[in-house]
Amino acid sequence: MENRYSPLPGQKNREYGYELAYKLAREQLVKIDDIEQQCLRSGARYQVVDSRQVIIIEYLNQSYQITLPDIDISLKNSEEKVPLRDKILILHYR
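Take the sequence shown: its position 9, counting from 1, is numbered 9 in the UniProt record's numbering, and each next residue is one higher.
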C-alpha cells in the first residue's frame, strides 16, 4: 500500500523553520510604530526601564518580558532560558 502522508521534516529543516519564523516575527515587531498603544490593545504591559522599552506579556500563566530594541525575550525574574518555539509564540501574541 502506498504511503499518502508527507514525511515529517527532519530536525535540520525544523530548526531552520523555527529560526526563520523567529526572525520574521522580530522584524514585524520592530515595524510597529506605536508599541505602547499596541500593548494597550493586546493586554500587554509597557514600561521603560533604564531607558529601555520593556513589554510584559502573560504566557501560559507566567510573565515574560521583551526588551527592545534588541528583542531579548526572558522569563521575568528568572534566569531560565526561553525555548525558541515559545519565543515565536510570544512574539505572535500581539
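Just so it is clear, CB atoms sit at the ideal spot from N, CA and C, and this is done for glycine as well. Here the structure is a predicted model, which means the values were calculated and not measured.
Here's the rule: buried if 16 or more other CB atoms are within 10 angstroms of the residue's CB, otherwise exposed. What is Lys81? exposed
Name the one or two DSSP bridge partners that Leu89 has. Partner(s): none; Leu89 has no beta bridge.
How big is the Cα-Cα spacing for Glu79 and Ile57? Near 17 Å, if we compare the C-alpha coordinates of Ile57 and Glu79.
Is it true that the CB of Ile35 sits closer than 8 Å to the CB of Gln53? yes
Thinking Ser51 and Tyr64 are a contact (beta carbons under 8 Å), I'd like their distance in whole angstroms, please. The pair is not a contact, with the Cβ atoms about 21 Å apart (cut-off 8 Å).
Would you list the one or two residues that DSSP bridges to Gln37? BP columns for Gln37 are empty, so no partner.
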